[in-house]
Structures are given as C-alpha cells and as structure tokens.
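I have placed the structure first, in the form of structure tokens, so that the comments after it can refer back to it.
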C-alpha cells in the first residue's frame, strides 16, 4: 500500500471518529442507473432512470453535510454523474467529468464522497459522459442552511424544485451521431418540466401561504423564460447566494442556471398556468404546469400568458439587476458582503472567445481557436501519476488568437490563490452560457460590443452576485472576477451541450506546490483507473 493510500485510510478512521463525536452529519444514497421507457413529449423513448425515476431522486442536504452516493451503472456503457454548481472543495477527484474521473464501467459501481462544505443553494446533477444528458439522468440538488444560521426570509410553507428545459424526441445516441457526423444539433422538439410536457405536472398550494420554487434550466440548447400567471416572484437566491429580494413578473434562465423565488398564493382560488418558453429563438416553444390552489374554484382556461421572445436589452437589464444581499448570512454567520471582492487586485486577465470553426470538414466549436478533444486518460490522473504526453500546460492561450480553429486537449495553467479577471467574449449571433467547475466567480460586468480595458470603469465592484454559470449575450461580453481558491483540474465549458461535446470547453489546472491536505485531498482509495493510469 503506497503512502497516499495509507493516508487516505487514516483519514477515513478520522472521519469515523468525528462522526461518532457529533461532527458534520453523513447522508447515504444508493442509486441504480438503468435504461427505461419514458414519454416526456408523449412519444416513447429510451431514457436514463435513477432508481426507476426520471427526473432522478432529489438530493436533500444541509451545509457541511458529507454525502456518500453509491452509483451502480446498470447501463450497457460507461457512465458518469457530475454536480452542476456544487463545489468539491479540495476534491476534484469527485467532479464527475471525464477530465477528472474515469467512467464507471457497465455493470460496476463507484461511490462518490462529497462534502457540501460552506455551501447553500439550489443546484442539479446530471450525466456528463457521451451525450447521456439528452436521455435524462438528472435531478435536483438542494443544500439548506444550518438551523442556527439566519436566512433572510421567513420559512416557506413548502419548497418545490422545477427542472425545466428543452427536449428532443430522438434517442440520445441519434443526437450524438448527428454531432459525430459534423453537424450541430437541430432545433429541439419541445420543452419539459420535471420530465413532463404541458399540464402534466401540478404544484398544490394553500391560499395565503408563501412557497419557495427552485428553478433550474437543465436543457441542452436554449434559454428559457419562467413565469406564473397572475403572480409575482420574489428572487431570493441565485446558485448559493442570497440576493436583494427584487420582484419579477418573469425570469430568464440560461443553460445550466438555477434560481430560487418566493411566490405567495395571494390570488383568487383557482388554477393558474406556470409557463416556460424559449428565449432568443425564431420558433417559440412553450410548456406549462399547473399552480393549483387547494381550494380552487376552477381549472385553467384560455391560453397561457405570453412571454418575451427576442428582447435582449430587457434580459440584459434583468441580469444587471441581480444584486447580492450584503446583510444576509451565507453558509456561515458572517454577512455575504464581508468579502470585498472589488478591492482585491487581479493577478491576471484571461479573455475567452467562443467560435464555430469547420475543422477537417466537420462542424466544431472552440475557445480561443482551440477545439477540445478528450485524451485517452483523465487529465487529473495523468497529472497525479506524472504520465507524459496526455496533455501539456499552455495548450490554450490566455486571449483570442484570431486564427482558425484547431484540435487540442487544451489545459490552462493557473496558480493557487491567484485572483483572475476572466472576460467571456461572444462575437456570434447566439447567446452563450458558460460554467466553471469547482469555483464561484463575481459577475462584475456585461455589455454589448467589444470589451476593452476601458470597460472596467463600469464594473460593479460592490454588490454583484457570485455564481458558477453566466450568460454572454450575442455580440457581447461578460467579465468576472474569480479567486483561484480550489486546487485541482477543473472543467470550463459551454452549457450548450452540443457545443461542449464538439469542443467548446477546456480544463483549468489550479496548482499548489505545497502538496498538502490543507490544499487538496489525496487520491481516493476507491478511485477508478483507466487509460494509461492502469497499473499505477
């Protein structure tokens, strides 16, 4: 047994000791992943089920909980689950993407060991390998505040999760074949809410009470707008951050994003439409659920309330209106605003430009002209075992090159405890949505046109929200400040899953030379080995 594995076993003994002495609780989940028949849009399809469910079981947790999630892969192909927005502190071994983890082989199992350290909020999990996300396999992931930490609103009467997004009637293998042949995905066939098409899902409320709705866009391709007929929504949380409690008639959610709103059942007792519709698309798709008052006098009638379609300025202004609640506690008692992100000098500026090059006669997508191709070995394992030739640092530049697209296993080097400015630049006519694993970043600015150093004069350096997923409007830019406070190799990707699959992603290697448990956990004893890591 090597030194690191001995340390890992000793750490497990320490964990058992802490649990016995009343430290952070453990929650255990056992999941069986299978194929099964589903009918999201009324057409029979082969979906991915977890414990026979689509969507999968909701993860219920509290800040600092330890989660032991044993996943049995009963598919006939490899499988991985990732945790969208749930940070794995010092633990990219559990990130659940191919750059950090070997897939779970068919017929085998893997146990994820996660701690939701110093986190609250609304998130979701999803299958990250191949094109499994188009077959389902996703579910809600909720992290509640500890009982002694004040939350800036009264306890709601109930807490509902809404997983909404676009859907295709074609099997995920057929969609993958379209991408592999060199084409982008076609337009989706419809929208679904919690695995169902229109009016198939009902949320029951009591008149006069207030409810929390946690809404996530789990789709593959399109932004959505969410609204509830006749009701205002009070925004209270965005991806783990308590917000100023602005009131909205409707809210835009871009791919991969999660919001929490409070809704008071203060209307006459009847049923009301809950509506999602696509944004910035020439053809508008719509799906509805029902908000059912328990003393309802009548069902819904007539058309659902119309939503916005192409109004980018409206969406941009709404995005700018999202502000941090500086007086609210986060996962700990100290106020969220006590971290003065705007007074810290950045150590580096990284500019990331998306593009859609044709490479070798096939449609690809790229970041700074580099279209990512997976290596034969997860990058984290190659780095840990010092396997040469899997990737090279600096294989993606810090700024757009202006050249044509090319294929590369792109990895960017970064130093632990750096503080970087990242500017996402979108010269295309389609909206982009970006996600960074393992980190939260402060959205300091977004605007149309070309970013320049002068754009910094309009940054919000006082009360912007921090999050893990952010949109970039067409022919626009979005700037974020991000502390590099989490050692590991982390995925930076487009949340448009076709673009991600065809190369609009790379990995960020946040490195510490200390080789200390304080900075990063060692290789887990149950780590799967594959590719050139086999035998190490």
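Numbering (this note's numbering), first residue to last: 693 to 1228. In this text, a Cβ means the ideal position worked out from N, Cα and C, and glycines have one as well. In this text, all values refer to a predicted model and were calculated from it rather than measured experimentally.
Per-residue DSSP class, three states only, for residue i
i: residue 1053; result: coil
i: residue 1024; result: coil
i: residue 1069; result: coil
i: residue 1223; result: helix
i: residue 1229; result: Past the boundaries of the shown model lies residue 1229; the chain is included only from 693 to 1228, so the question cannot be answered.
i: residue 813; result: strand
i: residue 1141; result: coil
i: residue 1161; result: strand
i: residue 1199; result: strand
i: residue 1014; result: coil
i: residue 1044; result: strand
i: residue 1121; result: coil
i: residue 856; result: strand
i: residue 671; result: Given that the chain is displayed from residue 693 to residue 1228, the structure contains no residue 671 and the question cannot be resolved.
i: residue 776; result: strand
i: residue 1191; result: helix
i: residue 700; result: Below a pLDDT of 50, predicted positions are generally treated as unreliable, and residue 700, at 39, falls in that range; the measurement from the model is reported next regardless. If DSSP states are grouped into helix, strand and coil, residue 700 belongs with the helices.
i: residue 863; result: coil
i: residue 1216; result: coil
i: residue 719; result: strand
i: residue 1009; result: helix
i: residue 793; result: coil
i: residue 1030; result: helix
i: residue 807; result: strand
i: residue 954; result: strand
i: residue 756; result: coil
i: residue 986; result: coil
i: residue 869; result: helix
i: residue 1091; result: coil
i: residue 1085; result: strand
i: residue 1004; result: helix
i: residue 1063; result: strand
Residue environment, residue i, which counts as buried when at least 16 other CB atoms sit within 10 Å
i: residue 1080; result: exposed
i: residue 698; result: No answer about residue 698 holds up, because its pLDDT of 41 lies below 50 and its placement is not dependable.
i: residue 934; result: buried
i: residue 979; result: buried
i: residue 1032; result: exposed
i: residue 818; result: buried
i: residue 814; result: buried
i: residue 779; result: buried
i: residue 975; result: exposed
i: residue 1140; result: exposed
i: residue 720; result: exposed
i: residue 755; result: buried
i: residue 671; result: Nothing in the structure corresponds to residue 671, since the chain is present only between 693 and 1228.
i: residue 1214; result: buried
i: residue 1142; result: exposed
i: residue 1169; result: buried
i: residue 999; result: buried
i: residue 735; result: exposed
i: residue 1258; result: The structure shown does not extend to residue 1258, since the chain is modelled only from 693 through 1228, so no value can be given for it.
Residue(s) in a DSSP beta bridge with residue i
i: residue 726; result: 741
i: residue 1101; result: Bridge partners of residue 1101: none, in fact.
i: residue 828; result: 740
i: residue 1173; result: 1113 and 1134
i: residue 888; result: 885
i: residue 979; result: 968
i: residue 1076; result: Beta-bridge pairing links residue 1076 to no other residue.
i: residue 801; result: 764
i: residue 1182; result: 1200
i: residue 1126; result: 1162 and 1186
i: residue 916; result: 945 and 970
i: residue 903; result: 955
i: residue 836; result: 754
Anticipated Cβ contact below 8 angstroms, residue i with residue j, distance rounded
i: residue 1102; j: residue 1114; result: So it is not a contact: roughly 15 angstroms between Cβ atoms.
i: residue 883; j: residue 867; result: With a Cβ gap of about 16 angstroms, residue 883 and residue 867 do not count as contacting.
i: residue 725; j: residue 774; result: In fact, because the Cβ distance is near 14 angstroms, the residues do not count as touching under 8 angstroms.
i: residue 1005; j: residue 787; result: In fact, because the Cβ distance is near 36 angstroms, the residues do not count as touching under 8 angstroms.
i: residue 910; j: residue 830; result: 5 angstroms
i: residue 907; j: residue 951; result: 5 angstroms
i: residue 1062; j: residue 1074; result: Not really, about 18 angstroms apart at Cβ, beyond 8 angstroms.
i: residue 947; j: residue 1187; result: 4 angstroms
i: residue 1022; j: residue 1028; result: 5 angstroms
i: residue 1159; j: residue 1132; result: 6 angstroms
i: residue 1124; j: residue 1116; result: 7 angstroms
i: residue 961; j: residue 987; result: 4 angstroms
i: residue 738; j: residue 861; result: Contact doesn't hold; Cβ gap of about 12 angstroms is too wide.
Residue i beta carbon near the ligand ATP (any heavy atom closer than 7 angstroms)
i: residue 1001; result: The ligand ATP is absent from the structure shown, which contains no ligand whatsoever.
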